[in-house]
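Colleague: Have a look at the structure that comes next, please.
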Amino acid sequence: MLSRQIKDKLQGLSTPFYLYDMGLLRETLKAAVDESSKYGYKIHYALKANFDERIFKTVREFGMGVDCVSGNEVRYSIESGFPAASVVYAGVGKNDDEIRYGIEQGIFAFNCESRQEMEIINRIAGEMGKVADIALRINPDVDPHTHKNISTGHGDSKFGISYKEIEEVAAKLPELKNINITGLHFHIGSQITTMEPFINLCQRVNMLYKWFTGRGFRLTHINVGGGLGVNYTNPEAEPIPDFKKYFSIFAENLDIDPAIEIHFELGRSLVGQCGELITKVLYNKVTAAGSNVAIVDSSMTDLIRPALYQAHHAIENLSRNGDKGIYTIAGTVCESSDIFAKGIELSAPLRGDILTIKTTGAYGSAMASRYNMHDLPKAVYSDDL
Ligand code: LLP
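Plus 1491 on top of the position in the sequence shown (first one is 1) and you've got the working numbering.
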């Protein structure tokens, strides 16, 4: 764990901040690229996980494309030097300006989430005298066995086109002359830690691929989304996710013409473990109920995952390695849910101690807010230390 190795250097820095281990990031990206390229698979980095400039630049060095979910993400990707032809754009609510921009730039594909969206993209492309490439995002109704707020592929989710509608959609497509269906897109959810949901996904993909090609659709790619989880409980046991296993599951279970490209959209598994939130203890108190609480100088505005999903992030006191006790680590914001961890065991966190909140490289700084007029969190990169 980088923070432990360089704890003396961290002492002098003003907290809170995200500490990024750029060496681990590069190793992780390399492992993902090495394992995926064994099968000729292509990775789009899910920019929503972390849009930090230095991280994004590093991703670019590894030749990945980008998975975007807003017009601003598409623009940022293109302005950061990613070729438009490596950008995919999903999202249930693309507005007309965002669609126009994507068409103008010639992105690889719109991952289209509803019948109506197909018609709107068709109309806008027609007005522009263009044909837009589309992948149909089909909701495969696969249970990812993850937290309900980050599961997207079940039958009642707002994402994607219902598999029950595909007959109607396929019948409508020949009328829509300004869109070209180049692929199918799926994404079942995030923080998936067993392979079974991915095997189920492959089975659905095989079925739908046959269904579409059997009706004369000429697909060039299948995008199976992201979702590979990371180890939040014991990050040091698994700093780099098992990409070898993950990609081999798709290689074994997909039954698709080898000429069709297989695309992935990975976020958390690429950047999750390279980030730590470094914070300092401000105060200690004991509640009437007898809980020992340490108030730190960070909050849910820097890292909302514990408040939003009751997510567990391992926490360590970098300043002390003594007798352990049971503590609640609380943030500064005026919300009862602003708690990083309840009843965890760690060396007494006393005023001035530096704590690390681990595995916060994904959906950490990207979800920060300015609630209570807090500053957005700063970033410190290992390359600069
Ligand atoms: N593709 C699509 C269409 C997605 O919606 C997502 C994530 C990904 C790819 C990347 O998934 P990943 O490989 O990172 O699991 N804020 C939540 C996670 C939300 C994920 C949203 N979609 C969290 O902090 O756990």
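From the three backbone atoms N, C-alpha and C, an ideal C-beta is built for every residue, glycine too.
Using the Cα positions of E1666 and H1678, report the straight-line distance between them to the nearest angstrom.
Modeller: Cα to Cα, the separation comes out at about 27 Å.
Colleague: In its own chain, which residues sit with a C-beta less than 8 Å from the C-beta of L1710, not counting the 5 before and 5 after it?
Modeller: Here the set comprises I1672, T1673, G1674, L1675, Y1700, F1703, T1704 and I1751.
Colleague: Does the beta-carbon distance from Y1530 to F1738 come in below 8 Å?
Modeller: Taking 8 Å as the Cβ cut-off, Y1530 and F1738 qualify as a contacting pair.
Colleague: In chain order, what residues of the same chain lie with their CB nearer than 6 Å to the CB of F1734, ignoring the 5 residues before and after it?
Modeller: Excluding residues within five positions, the ones whose Cβ falls inside 6 Å are A1522, A1523 and E1526.
Colleague: Quick one: which unbroken beta strand (DSSP E) runs of 3-plus residues sit fully inside the region 1719-1772? Chain order, please.
Modeller: The qualifying runs are 1752-1757.
Colleague: Rounding to the nearest angstrom, what Cα-Cα distance links L1841 and D1512 in this structure?
Modeller: So the two alpha carbons sit approximately 26 Å from each other.
Colleague: So is the beta-carbon of S1856 under 7 Å away from any non-hydrogen atom of the ligand LLP?
Modeller: Checking the Cβ of S1856 against the ligand LLP gives no.
Colleague: Can we count H1636 as close to the ligand LLP, meaning its CB is less than 7 Å from some heavy atom?
Modeller: No - the ligand LLP has no heavy atom lying nearer than 7 Å to the Cβ of H1636.
Colleague: If you compare alpha carbons, which of S1494, A1779 and G1582 is closest to S1648?
Modeller: The candidate whose alpha carbon is nearest that of S1648 is G1582.
Colleague: Alpha carbon to alpha carbon, what distance is there between Q1801 and H1636?
Modeller: Their Cα atoms are separated by approximately 16 Å.
Colleague: Do L1745 and C1825 count as a contact pair if the criterion is CB distance below 8 Å?
Modeller: Not a contact, by the Cβ cut-off of 8 Å.
Colleague: Is DSSP giving K1621 helix, strand or coil here?
Modeller: K1621: coil per DSSP, three-state reduction.
Colleague: Are the CB atoms of I1625 and M1609 nearer to each other than 8 Å?
Modeller: Yes. Within cutoff.
Colleague: Given a cut-off of 8 Å on the beta-carbon distance, is the pair A1870 and Y1532 in contact?
Modeller: For A1870 and Y1532, no; Cβs fall outside 8 Å.
Colleague: Hey, how far is the Cα of D1543 from the Cα of S1568?
Modeller: Going by the C-alpha atoms only, they are around 12 Å apart.
Colleague: Suppose the cutoff is 7 Å on Cβ atoms and the five residues either side in sequence are ignored; what does the same chain contact list for L1494 look like?
Modeller: Note on residue identity: the sequence assigns Ser, not Leu, to residue 1494. Answer for S1494: L1501, L1510, E1767, I1769, L1809 and T1847, listed in chain order.
Colleague: Quick check on Q1496: buried or exposed, where buried means 16 or more other Cβ atoms within 10 Å of its Cβ?
Modeller: Counting Cβ neighbours within 10 Å, Q1496 comes out exposed, since fewer than 16 surround it.
Colleague: Below 8 Å on the Cβ atoms is my guess for A1805 versus Y1723; work out the distance and round it to an integer in Å.
Modeller: At roughly 7 Å, the Cβ-Cβ gap stays under 8 Å, so A1805 and Y1723 are in contact.
Colleague: On the criterion of 16 or more Cβ atoms from any shown chain inside 10 Å, does D1588 qualify as buried, or is it exposed?
Modeller: Flag for D1588 reads exposed.
Colleague: Ends of the alpha helix (DSSP H) at F1703?
Modeller: Residues E1687 to G1705.
Colleague: Please determine, among A1600, D1793 and I1740, the residue with the shortest C-alpha to C-alpha distance to A1576.
Modeller: Here the closest residue by C-alpha is A1600.
Colleague: Rounded C-beta distance between S1790 and G1822? I'm assuming under 8 Å.
Modeller: The pair is a contact, with the Cβ atoms about 3 Å apart (cut-off 8 Å).
Colleague: Could you tell me if P1749 is buried or exposed, where buried requires 16 or more neighbouring beta carbons within 10 angstroms of its beta carbon?
Modeller: Label assigned to P1749: exposed.
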